[in-house]
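Notes follow once the structure below has been shown.
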Amino acid sequence: MIYGFTEQQEKKILEKWGYDFLRILHYTLKVLPEKWKLYDLEFGEYYSCNAIFFCKSESHGDCVLRINRDGDEALDDYNALREHNGDHHVRAFEYEDGAVLVERAIPGERLSDEPSFEKRLAVFSEMFKGRHVAPKNPKLFDTHTNWFNFCMSCVENRREEFKELYIHAVNASGIYTKMASVYDKKLLIHLDLCSANIVSCGNGQYKIVDPYRTVIGDPVIETGRFIHCEKDKNPDKAEEILEYLEKSLTIPNNILRQCFYLDTVIIACEHTQWGGSGRLSDGILFAENVMNNAK
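The working numbering numbers the first residue of the sequence shown as 7 and each following residue consecutively.
This is the structure in structure tokens:
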């Protein structure tokens with residue numbers, strides 16, 4: 007099978023990913039549909055570092071074929087979804103050379119597109135509860151502590167260049183160490199559990215997608231990313247978000263504030279390896295202020 011990209015689609019692929027990845031796409035789409043018995047492929051455009059194709063499988067029904075620029079990410083995605091086995095997450099069916107075939111959630115609308123602030127909070131809370139499992143194959147996953155330390159090292163190793171951010175990295179490390187001594191569960195957690203990675207599958211049900219960065223750690227740390235993203239949508243509702251999650255998840259308010267601050271610092275430190283300026287953003291100062299105003 008030869009998938010027919012339009013001229014405009016090929017142009018966008020070349021602009022975003024370059025010729026090598028376009029060549030990989032052509033080769034993969036020639037081989038895997040026949041091998042995995044896929045049909046009715048439809049290019050789903052772009053998402054993160056992946057090209058996605060909606061399709062049907064003779065064995066699995068409605069699916070999404072994801073082809074990654076980074077083959078390790080596709081394998082990590084496959085391993086994480088297989089661990090969860092469809093419980094709160096889409097299921098993974100096949101993997102080969104940077105491509106993964108997963109269940110398609112229909113209609114597949116992202117929770118981030120839900121206009122109701124209250125509904126986004128409610129759905130996240132329900133998705134958070136009871137979904138964390140101990141890894142059957144822990145050797146397949148890194149720990150959150152290692153990930154956190156790596157992000158902090160991105161700034162620590164260039165502390166003269168990122169002086170102000172380095173101060174926050176040191177502060178975050180102290181907070182993280184204290185938190186990890188209390189919240190020390192070793193369960194699988196999604197490093198990017200936000201509304202954009204929760205999709206609808208009909209009848210008021212939702213599933214989680216894109217878990218390629220899954221690590222082993224305590225679920226409490228996951229709240230930081232959701233608060234961070236919701237704050238960006240509703241900067242004037244940070245306190246409402248914290249109060250709601252405190253009640254719905256029974257996590258202390260001051261811990262939620264710390265998780266929010268930690269996630270904001272993690273993102274800033276991580277981005278320095280991709281050319282981020284390392285300058286203090288209003289987001290870090292805002293998160294620090296929220297943390298210091300704990301009730």
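Glycine is no exception: its CB is placed at the ideal position from the N, C-alpha and C atoms.
### Query
In the DSSP assignment, what residue or residues form a beta bridge with G95?
A small fix is needed here, since residue 95 is His in this sequence, not Gly. Partner(s): I214.
### Task
May I ask which residues mark the beginning and end of the alpha helix (DSSP H) holding D82?
Start and end: 77-90.
### Query
Given K192, which residues of its chain have a CB within under 6 Å of its CB, disregarding the five upstream and five downstream residues?
If you ignore the 5 residues before and after K192, its C-beta comes within less than 6 Å of the C-beta of I222, all in its own chain and listed in chain order.
### Task
Pull up the distance between the alpha-carbon of K239 and that of A274, whole angstroms please.
Take the alpha-carbon of K239 and the one of A274: they are about 18 Å apart.
### Query
Given 8 Å as the limit, is there contact between the region 172-189 and the region 87-94, that is, 3 or more CB pairs closer than that?
Under the Cβ criterion (8 Å, minimum of three pairs), the region 172-189 does not count as touching the region 87-94.
### Message
So if DSSP puts I204 in a beta bridge, which residue, or which two residues, is it bridged to?
### Response
Bridge partners of I204 according to DSSP: I214.
### Query
Around the C-beta of L71, are 16 or more other C-beta atoms found within 10 angstroms, so that it is buried, or is it exposed?
When all chains shown are included, L71 counts as buried.
#### Entry: Local conformation of I290 per DSSP, three classes
If DSSP states are grouped into helix, strand and coil, I290 belongs with the helices.
### Query
Taking the alpha helix (DSSP H) that G180 falls in, what are its first and last residues?
Segment 169-188, the alpha helix (DSSP H) holding G180.
### Task
Take K62 and list the residues in its own chain whose beta-carbon comes closer than 8 Å to its own, dropping the five residues that flank it on each side.
Cβ neighbours of K62 within its own chain (closer than 8 Å, five residues either side excluded): L44, Y45, D46, D68, C69.
### Message
Please classify P324 as buried or exposed, where buried requires at least 16 other C-beta atoms within 10 Å of its C-beta.
### Response
A query on residue 324 cannot be resolved here, the shown segment of the chain reaching from 7 to 301 and no further.
### Query
When DSSP labels each residue in this structure, what does G136 get in the three-state scheme?
Look at G136 here: in three-state DSSP terms it is coil, with no helix or strand label.
### Query
What is the rounded straight-line gap between the Cα of L199 and the Cα of D216?
Looking at the two C-alpha atoms, the distance is approximately 9 Å.
### Task
Can you tell me which of the three DSSP states F154 falls into?
In the structure shown, F154 sits in a helix (DSSP, three-state: H, G or I).
### Task
With DSSP as the reference, label R110 as helix, strand or coil.
R110 falls in the coil class under three-state DSSP.
### Query
If you scan the region 221-255 from start to end, which runs of the alpha helix (DSSP H) of 4 or more residues do you find wholly inside it?
Runs of the alpha helix (DSSP H) inside the region 221-255: 229-239, 244-255.
### Query
Could you give the residue range of the beta strand (DSSP E) that holds N56?
Its beta strand (DSSP E) spans residues 56-63.
### Message
Just list the residues that DSSP pairs E16 with in beta bridges.
### Response
According to DSSP, which records beta bridges pairwise, E16 is partnered with nothing at all.
### Query
Are the Cβ atoms of F232 and F130 separated by less than 8 Å?
The answer is yes: Cβ separation under 8 Å.
### Task
Flag this pair as yes or no: are the beta carbons of F168 and T278 separated by less than 8 Å?
Taking 8 Å as the cut-off, the Cβ atoms of F168 and T278 count as close.
#### Entry: Whole-number beta carbon distance between Y267 and A293, since they are thought to touch under 8 Å
The Cβ separation is near 4 Å, so the contact holds.
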